[in-house]
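Taking it in order: structure first as structure tokens, then the write-up.
Residue numbers (our numbering), protein chains in the order written: chain G, 1 to 646; chain H, 1 to 173.
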């Protein structure tokens with residue numbers, strides 16, 4: 001793991017425990033004496049804040065472990081506990097606070113990742129259990145090191161703290177700027193964590209957020225500046241993007257911008273807006289970061305204080321309002337920022353003709369959403385596919401192929417809005433295809449690290465991608481896929497697929513159509529047919545045979561879906577020159593005649609008579625194939641390939 | 001692959017508290033050396049066992065033993081105990097290493113909290129299986145899926161704690 005990638009995984013790991021904070025904040029505020037005054041609700045919320053280091057230890061251990069299982073979390077919890085109470089035993093003046101959680105979380109996976117996949121056949125004492133015990137012993141080393149070293153670290157931290165305090169409003173401004181500038185790399189989480197959870201002290205709690213909820217009147221310095229930006233400024237930028245969009249695309253742009261602006265306003269999750277201009281207009285993004293700094297400066301100079309449990313959205317604003325200092329002043333400031341953002345964005349987009357969403361040239365595919373790269377003939381097929389799978393699976397399928405499959409893909413991770421992938425080589429990743437599949441942006445950080453910006457629903461794409469990429473994981477998660485009609489039926493075994501027509505076979509790569517040659521339809525083989533008789537290559541249910549009769553699909557007893565596509569661009573013949581001898585829904589036997597085609601018509605009116613036999617669900621990685629040598633084949637007699645379930 | 005049977009997963013989940021007991025014994029033995037670093041752990045680790053039990057059960061019950069279920073088990077126990085503590089003794093601020101005595105001394109207290117941990121762990125695991133793939137509206141989607149599980153667990157645990165403190169404990173007394 002390289003340095004930058006490692007830091008990024010750390011940032012991402014913090015997401016799981018941080019996601020609990022809004023619940024903690026909500027309970028803390030609702031139960032507080034100035035709101036509903038129900039002590040037990042307030043206490044429940046507080047307990048999450050006070051044990052945040054423990055939650056961080058578990059979250060980081062989960063994120064940095066290779067399998068993300070509960071055993072890693074548990075091991076992290078035990079290491080945290082030993083470290084935290086061990087050092088206190090050595091020297092009772094030590095208080096490691098949130099750092100003990102960080103160190104335990106970083107330490108645990110070193111041993112865990114070495115053992116978690118050993119002895120998996122023993123359910124009651126396997127590598128994971130061994131790792132937990134070894135980690136507990138190894139934690140003694142941590143206790144010895146930090147028991148001695150930490151008093152000195154504590155001194156250094158104290159001087160850093162007083163330096164930050166003396167920087168005051170300027171410090172908040174620098175933080176606001178740096179925070180936004182780090183967003184593209186995802187490293188802002190690491191910076192935030194120190195200021196929000198480690199900095200300062202009030203009645204034994206540390207961190208700007210923790211102190212705010214513990215009632216420290218000086219807390220909120222490093223949070224208050226985000227409210228005008230997130231609730232007002234960025235929605236202003238979104239409005240500018242709507243009004244500068246092309247007329248015919250304005251409605252579409254409005255719908256998209258409304259949802260991302262609402263997300264920013266209510267929850268303070270701003271990445272969807274920020275990514276819509278970050279790469280198109282980097283100077284505009286720098287301006288945005290500067291404005292975030294200015295907002296931090298102004299709000300602090302005015303002495304306004306307000307904190308949040310998660311981010312600076314309206315929900316946190318309303319909940320913590322009574323707890324802040326003159327928080328209402330944030331609204332007029334915010335309205336000013338709304339117009340400043342709107343003005344700057346509107347002017348810059350028009351002046352420099354920035355291709356923000358809704359302004360791209362018509363051939364651009366950045367806004368296409370889940371666009372479909374295929375010829376017309378497959379729209380029908382693609383639609384049935386996307387109905388049987390959910391949209392996340394379809395998206396993940398496409399990403400997987402654009403990245404270059406398991407040959408290139410090494411690690412799959414995700415955070416708030418993006419997939420964070422480690423690959424062998426980012427150069428071999430097809431960026432265009434990823435964007436066409438519905439990504440909002442693609443960042444190639446360096447040779448190994450790739451980020452794909454999806455949106456707040458990234459987790460489902462990541463899950464689907466992991467499912468596709470990892471056959472072991474796919475097997476473990478099989479019950480999830482049981483809802484999909486085509487996945488449950490697979491039985492272990494093998495299946496023989498025969499030639500559907502007489503002719504000569506050639507590799508799919510040589511087909512003059514990228515949809516087939518790049519394997520977008522799945523794995524398969526092509527045949528140059530010699531006569532017009534096409535038979536079922538395998539027994540099964542005829543699941544597809546449209547009016548155009550240029551292609552048919554069979555679902556086999558093993559669950560494979562095999563498509564025979566006669567000719568290229570033959571969909572445009574609209575059935576001319578084709579005759580069908582079976583109908584959709586029939587059970588057919590291998591070698592049974594399905595279609596008779598007039599090859600002469602096809603050769604004259606369509607692009608080619610090449611016939612493709614592809615396994616359209618081969619991307620799900622459930623089968624392995626043994627391919628026969630290319631050569632002359634006889635319909636229903638010569639073996640094309642043999643499939644095996646994994 | 002078939003889902004591993006619930007009782008088997010449960011047994012596998014119960015291994016974790018046993019491992020924690022081994023760790024506890026190990027540090028207790030080390031504390032005989034008199035070194036503060038060891039006794040600091042040994043003196044407090046016992047209070048930690050209910051939390052491990054809650055986490056272990058949550059992992060065991062969850063359908064795929066994911067880390068989010070472990071975190072939910074932890075959050076569940078913390079919120080439950082804090083809620084219960086504040087009702088039993090309004091002056092006490094919840095501290096994991098000083099659970100509130102419910103009458104009958106230390107042994108009873110630890111057993112009581114172990115039973116409570118079974119409750120919170122089971123609830124956390126059950127909630128994981130129910131909500132691990134929940135889809136929320138776009139603007140809340142960040143909190144959907146597995147991240148939703150610790151959140152919803154904290155709400156359940158809060159009221160479970162209040163229920164046990166107000167109703168169950170009151171009747172036992």
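Virtual Cβ for every residue (Gly too), placed ideally from N, Cα, C.
Worksheet item: So is residue 11(H) buried or exposed if we call it buried at 16+ other beta carbons inside 10 Å?
Response: So residue 11(H) ends up on the exposed side.
Discussion item. Going by DSSP in three states, residue 464(G) sits in which element: helix, strand or coil?
Written reply: Note: residue 464(G) maps to helix in three-state DSSP.
Item to complete: Could you pull out every residue in the same chain whose Cβ sits closer than 6 Å to the Cβ of residue 381(G), ignoring the five residues on either side in sequence?
Response: Residue placement at residue 381(G) cannot be trusted, given a pLDDT of 35 that sits under 50; what the coordinates show is reported in the next sentence. So the list is empty, once near-sequence residues are dropped.
Worksheet entry | residue 633(G) - DSSP class collapsed to helix/strand/coil | In the structure shown, residue 633(G) falls within a strand segment according to DSSP collapsed to helix, strand and coil.
Discussion item. I'd like to know if residue 459(G) contacts chain H, where contact means its C-beta is closer than 9 Å to some C-beta of that chain.
Written reply: By this cut-off, residue 459(G) is an interface position.
Worksheet item: How would you list, in chain order, the residues of chain G whose beta-carbon sits under 7 Å from the beta-carbon of residue 19(H)?
Response: In chain order: 129, 132 and 133.
Item to complete: Give me the Cβ distance between residue 454(G) and residue 398(G), rounded to the nearest whole Å; I'm assuming they're in contact under 8 Å.
Response: Contact flag wrong, Cβ pair sits at about 12 Å.
Item to complete: Give a yes or no on whether 9 Å exceeds the smallest Cβ distance from residue 6(H) to chain G.
Response: For residue 6(H), the answer is no, since every Cβ of chain G falls outside 9 Å of its Cβ.
Item to complete: Entirely within the segment 535 to 619 of chain G and at least 4 residues each: give me those alpha helix (DSSP H) ranges in chain order.
Response: Fully enclosed alpha helix (DSSP H) runs of 4 or longer: 599 to 605.
Worksheet item: According to the neighbour-count rule (16 or more other Cβ atoms, all chains shown, within 10 Å of its Cβ), is residue 32(H) buried or exposed?
Response: By the 10 Å Cβ count, residue 32(H) comes out exposed.
Worksheet item: Is residue 602(G) near the ligand ADP, judged by its Cβ being under 8 Å from some heavy atom?
Response: As presented, the structure is devoid of all ligands, the ligand ADP included, so that no description of it is given.
Worksheet entry | Within-9 Å CB hit, residue 87(G) to chain H | Output row for residue 87(G): interface = yes.
Worksheet item: Since residue 61(G) and residue 83(G) are thought to touch, with beta carbons under 8 Å apart, how far apart are those beta carbons, to the nearest angstrom?
Response: For a cut-off of 8 Å, the C-beta gap from residue 61(G) to residue 83(G) is around 13 Å, too long to register as a contact.
Worksheet entry | Contact check, residue 207(H) vs residue 120(H), beta carbons under 9 Å | Residue 207(H) is absent from the structure shown; chain H starts at 1 and stops at 173.
Worksheet item: How many Å lie between residue 491(G) and residue 513(G) at the Cα?
Response: Unreliable positioning characterises residue 491(G) in this predicted model, as indicated by a pLDDT of 44, which lies under 50. The coordinate reading is nonetheless provided below. One C-alpha to the other measures close to 33 Å.
Worksheet item: So what's residue 5(H) in DSSP terms, helix, strand or just coil?
Response: Residue state, collapsed to three classes: coil.
Item to complete: Mark residue 192(G) as exposed unless 16 or more other C-beta atoms lie within 10 angstroms of its C-beta, in which case mark it buried.
Response: With a 10 Å radius around the Cβ and a threshold of 16 neighbouring Cβ atoms, residue 192(G) comes out buried.
Worksheet item: Taking DSSP as the reference, what is the three-state secondary structure of residue 426(G)?
Response: Secondary structure at residue 426(G): helix, using DSSP grouped into helix, strand and coil.
Worksheet item: Just checking my contact of residue 213(G) with residue 206(G) at CB under 8 Å: how many whole Å lie between their CB atoms?
Response: Not a contact, Cβ separation roughly 12 Å.
Item to complete: Measuring only between beta-carbons, confirm whether residue 380(G) sits less than 9 Å from chain H.
Response: Legend: pLDDT at residue 380(G) = 34, less than 50; position of this residue unreliable, value from coordinates given subsequently. It does not; no Cβ of chain H falls within 9 Å.
Worksheet entry | Own chain partners of residue 161(G) with C-beta closer than 7 Å, once the 5 adjacent residues on each side are dropped | Cβ neighbours of residue 161(G) beyond the five flanking positions: 199 and 200.
Practice prompt. Could you tell me which residues DSSP puts in a beta bridge with residue 498(G)?
Written response: Answer is 639(G).
Item to complete: Quick one: list the residues of chain G neighbouring residue 55(H), beta-carbon separation under 9 Å, in chain order.
Response: Simply 58, 70, 73, 74 and 77.
Worksheet item: Mind checking if residue 155(H) is an interface residue toward chain G, Cβ cutoff 9 Å exclusive?
Response: Output row for residue 155(H): interface = yes.
Worksheet entry | residue 259(G) at chain H interface by Cβ criterion, 9 Å | At least one CB of chain H lies nearer than 9 Å to the CB of residue 259(G).
Worksheet item: Does the distance from the CB of residue 90(G) to the CB of residue 55(G) come in under 9 Å?
Response: For residue 90(G) and residue 55(G), no; Cβs fall outside 9 Å.
Worksheet entry | Among 154(G), 406(G) and 437(G), nearest to residue 423(G) - alpha-carbon criterion | That would be 406(G), whose Cα lies nearest to the Cα of residue 423(G).
Fill in: Residues that residue 121(H) contacts on chain G, provided the C-beta gap is smaller than 8 Å
Within 8 Å Cβ-Cβ: nothing; residue 121(H) doesn't reach chain G, min ~11 Å.
Practice prompt. Please decide whether residue 237(G) counts as near chain H, where near means a Cβ-Cβ distance under 9 Å.
Written response: Output row for residue 237(G): interface = no.
Practice prompt. For residue 109(G), decide whether its Cβ has a neighbour in chain H, counting only Cβ atoms nearer than 9 Å.
Written response: By this cut-off, residue 109(G) is not an interface position.
Item to complete: Compare the C-alpha of residue 85(H) against each of 34(H), 157(H) and 8(H) and name the closest.
Response: Proximity to residue 85(H) across 34(H), 157(H) and 8(H) peaks at 157(H), based on C-alpha coordinates.
Discussion item. Can you confirm whether the segment 492 to 499 of chain G touches the segment 630 to 637 of chain G when touching is taken to mean that 3 or more C-beta pairs between the two stretches lie within less than 8 Å?
Written reply: Yes, since at least three Cβ pairs between the segment 630 to 637 of chain G and the segment 492 to 499 of chain G fall closer than 8 Å, the two stretches touch.
Discussion item. Could you compute how far the alpha carbon of residue 379(G) sits from the alpha carbon of residue 552(G)?
Written reply: Reliability of the predicted coordinates at residue 379(G) is poor, the pLDDT of 34 falling under 50, and the value obtained from them is presented with this limitation in mind. It is roughly 14 Å from the alpha-carbon of residue 379(G) to the alpha-carbon of residue 552(G).
Worksheet item: Would a check of beta-carbon distances place residue 117(H) closer than 9 Å to chain G?
Response: For residue 117(H), not one C-beta of chain G is nearer than 9 Å to its own C-beta.
Worksheet item: Listed from N- to C-terminal order along the chain, which residues in the segment 140 to 167 of chain G have their beta-carbon within a distance smaller than 8 Å of any beta-carbon of chain H?
Response: Closer than 8 Å at the C-beta level to chain H, one finds these residues of the segment 140 to 167 of chain G: 140, 143, 144 and 147.
Discussion item. For residue 139(G), which residues in the same chain have their Cβ closer than 8 Å to its Cβ, ignoring the five residues on either side in sequence?
Written reply: Contacts found: 78, 79, 82, 83, 86, 104 and 107.
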